[in-house]
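Below is one structure; the comments refer to it alone.
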Amino acid sequence: MGVDSQEAVRQLQSLMREVDGPLKNTFQNVHQGYPSENMVRFLKAREWNVEKAHMMLMDSLQWRVDNGIDNILTKPIIPSDVYRAVRDSQLVGVSGYTKQGLPVIAIGVGHSTYDKASVNYYVQSHIQMNEYRDRVVLPQASKKQGRYIGTCVKILDMTGLKFSQLNQIQLLSAISSIDDLNYPEKTETYFIVNSPRIFSACWKVVKPLLQERTRRKVQVIYGSAKDELLKIMDYASLPHFCKREGSGSSRHSDNGVADNCFSMDHAFHQQLYNYIKEQALLLESVTPIRQGSVHVTIPEQDPEEARIKHQIESELHKLGNQNGLVGSMNGMTVNGN
39 MGVDSQEAVR QLQSLMREVD GPLKNTFQNV HQGYPSENMV RFLKAREWNV
89 EKAHMMLMDS LQWRVDNGID NILTKPIIPS DVYRAVRDSQ LVGVSGYTKQ
139 GLPVIAIGVG HSTYDKASVN YYVQSHIQMN EYRDRVVLPQ ASKKQGRYIG
189 TCVKILDMTG LKFSQLNQIQ LLSAISSIDD LNYPEKTETY FIVNSPRIFS
239 ACWKVVKPLL QERTRRKVQV IYGSAKDELL KIMDYASLPH FCKREGSGSS
289 RHSDNGVADN CFSMDHAFHQ QLYNYIKEQA LLLESVTPIR QGSVHVTIPE
339 QDPEEARIKH QIESELHKLG NQNGLVGSMN GMTVNGN
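Okay, so the sequence shown: first residue is 39 according to this note's numbering, each after it adds one.
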């Protein structure tokens with residue numbers, strides 16, 4: 039960081055010393071022992087404007103308190119068949135780590151349907167993944183590496199992408215708003231892989247509308263990207279859809295379910311689900327475990343970011359209409375989360 043950015047951090051630190059009560063407690067859950075590093079995330083998201091970054095951070099902390107986000111890892115999605123339905127239609131998982139120790143998060147953009155459960159379950163699942171990443175996965179990575187690890191690498195598989203996925207735009211916008219405003223700057227690099235021809239047209243529309251810091255993070259690769267990814271991670275950490283050229287599917291792999299990081303039966307999802315159940319049992323004597331989804335307030339999007347998203351959606355609709363189709367850019371957000 040330069041002198042100006044260091045001064046911005048000092049100013050934000052000074053403002054955050056005034057925070058007390060529930061907001062202070064939830065900020066501790068956010069920063070996990072690294073308060074300055076997490077302030078930098080919000081400063082980056084607001085172009086190092088201290089006043090705007092402070093407002094964004096305070097709004098985020100209030101959102102966490104109002105929606106009980108600190109306790110969301112004590113609320114399992116039950117019964118298990120509902121959770122399995124979510125996992126089968128919201129394809130996301132952790133396949134391993136880069137050589138630098140960053141978690142590798144895989145997202146099956148093209149084959150995610152979001153049609154097996156209510157919107158609230160998908161939002162709950164997404165936030166639980168975020169919180170588990172930030173409170174368990176990243177602290178473990180930091181401890182292992184002996185240095186702060188606060189970001190991840192995301193690999194977005196576009197296999198099966200169709201314009202018709204824009205019918206899920208309301209849900210995707212809600213998830214995007216949550217990430218933009220409460221989990222900013224958590225992704226180091228996006229690798230967009232297995233891109234069909236249709237994505238080229240989408241990318242030409244979307245790329246100019248993204249903020250510069252987001253564009254710098256995105257690498258679009260037409261193929262499985264195995265060779266490129268092996269430069270930054272070992273073969274074992276590759277998502278199943280990148281392990282051979284022309285795999286043609288996010289859902290299946292030669293090695294079966296154990297290799298499919300999207301599956302509920304994958305080691306990561308078993309660890310996540312067992313962790314949430316264990317946390318719930320710790321509180322069961324006080325608050326019985328209840329079935330049903332968690333309802334979370336969707337934060338109001340920043341006006342400028344909302345304008346950009348609206349413009350992207352409008353341009354994609356135009357593109358879709360020209361092709362007699364309708365489409366989506368699931369998995370990407372405006373400010374690089």
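Cβ atoms here follow ideal geometry from the backbone N, Cα and C, with glycine treated the same way.
Original post:
What number of angstroms, rounded off, separates the C-alpha of Arg102 from the C-alpha of Lys242?
Top reply: Those two C-alpha atoms are separated by around 36 angstroms.
Subject >> Per-residue burial, Arg48 [other beta carbons within 10 Å of its own, 16 or more giving buried] >> reply: Residue burial is scored here from C-beta neighbours: Arg48 has fewer than 16 other C-beta atoms within 10 angstroms and is therefore classed as exposed.
Original post:
Between which two residues does the beta strand (DSSP E) carrying Glu338 extend?
Top reply: Element bounds for Glu338: n/a, residue is neither H nor E.
**OP:** Please report the Cβ distance between Ser275 and Gly139, rounded to the nearest whole angstrom; I am assuming they are in contact, meaning their Cβ atoms lie under 8 angstroms.
**Re:** In fact, because the Cβ distance is near 11 angstroms, the residues do not count as touching under 8 angstroms.
**OP:** Specify the secondary structure class of Val258 as computed by DSSP and reduced to three states.
**Re:** Val258 carries a strand assignment under DSSP once its states are collapsed to helix, strand and coil.
**OP:** Take the Cβ of Ser98 as the centre, count every other Cβ of all protein chains shown within 10 Å, and call the residue buried at 16 or more, exposed below.
**Re:** The residue in question, Ser98, is buried, as its Cβ has 16 or more Cβ neighbours within 10 Å.
Subject >> Pro73 (DSSP reduced to helix, strand or coil) >> reply: Helix at Pro73.
**OP:** Would you kindly check if the distance between the Cβ of Glu250 and the Cβ of Thr189 is under 8 angstroms?
**Re:** Cβ atoms of Thr189 and Glu250: not closer than 8 angstroms.
Original post:
With 16 other CB atoms within 10 Å as the buried threshold, where does Ser150 fall?
Top reply: By the 10 Å Cβ count, Ser150 comes out buried.
Original post:
Short check: CB of Asn168 to CB of Tyr221, under 8 angstroms?
Top reply: Against a cut-off of 8 angstroms, the Cβ pair of Tyr221 and Asn168 comes out as a contact.
**OP:** Going by CA-CA distance only, name the one from Thr112, Leu176, Ile336, Ile193 that's closest to Asn312.
**Re:** Residue Thr112 is the option with its Cα nearest to Asn312.
**OP:** Figure out for me which residue from Ile259, Ile187, Val124, Leu247 has the closest Cα to the Cα of Asp153.
**Re:** The residue from Ile259, Ile187, Val124, Leu247 with its alpha-carbon nearest to that of Asp153 is Val124.
Original post:
Between Gln128 and Ser156, is the Cβ-Cβ spacing less than 8 angstroms?
Top reply: No. Outside cutoff.
Original post:
Which of the three DSSP states, helix, strand or coil, is assigned to Gly131?
Top reply: The answer is strand: DSSP assigns Gly131 an E or B state.
Original post:
Taking the alpha helix (DSSP H) that Pro177 falls in, what are its first and last residues?
Top reply: For Pro177, the enclosing alpha helix (DSSP H) stretches over residues 176–183.
Original post:
In this structure, what does DSSP give as the bridge partners for Ile145?
Top reply: DSSP, once it has assigned bridges, lists Val130, Leu194 as partnering Ile145.
Original post:
Rounded to a whole number of angstroms, what is the C-alpha to C-alpha distance between Leu210 and Glu322?
Top reply: Looking at the backbone, the Cα of Leu210 and that of Glu322 are separated by about 32 angstroms.
Subject >> Extent of the continuous beta strand (DSSP E) run through Val231 >> reply: Run containing Val231: 225–231, per the beta strand (DSSP E) assignment.
Original post:
In or out: Asn87 buried (at least 16 other Cβ within 10 Å) or exposed?
Top reply: Exposed, by the Cβ-count rule.
**OP:** Mind checking which residues open and close the alpha helix (DSSP H) that includes Ser156?
**Re:** Taken as a continuous stretch (DSSP letters only), Ser156 belongs to no alpha helix (DSSP H), as it is neither H nor E.
**OP:** May I have the straight-line CA-CA distance separating Ile143 from Phe80, to the nearest angstrom?
**Re:** Their Cα atoms are separated by approximately 22 angstroms.
Subject >> Own chain partners of Pro114 with C-beta closer than 8 angstroms, once the 5 adjacent residues on each side are dropped >> reply: Around Pro114: Tyr121, Tyr311, Ile314, Lys315, Ala318, Ile327.
Original post:
Does DSSP classify Asp252 as helix, strand or coil?
Top reply: Sequence inspection shows Thr at residue 252; the Asp mentioned does not correspond to that position. In this structure, DSSP gives Thr252 a helical state, which the three-state scheme calls helix.
**OP:** With DSSP as the reference, please indicate the residues paired to Thr136 in a beta bridge.
**Re:** Partner(s): Met271.
**OP:** Provide the residue span of the alpha helix (DSSP H) that contains Phe237, from first to last.
**Re:** Following the DSSP letters along the chain, one finds Phe237 inside the alpha helix (DSSP H) bounded by residues 235–244.
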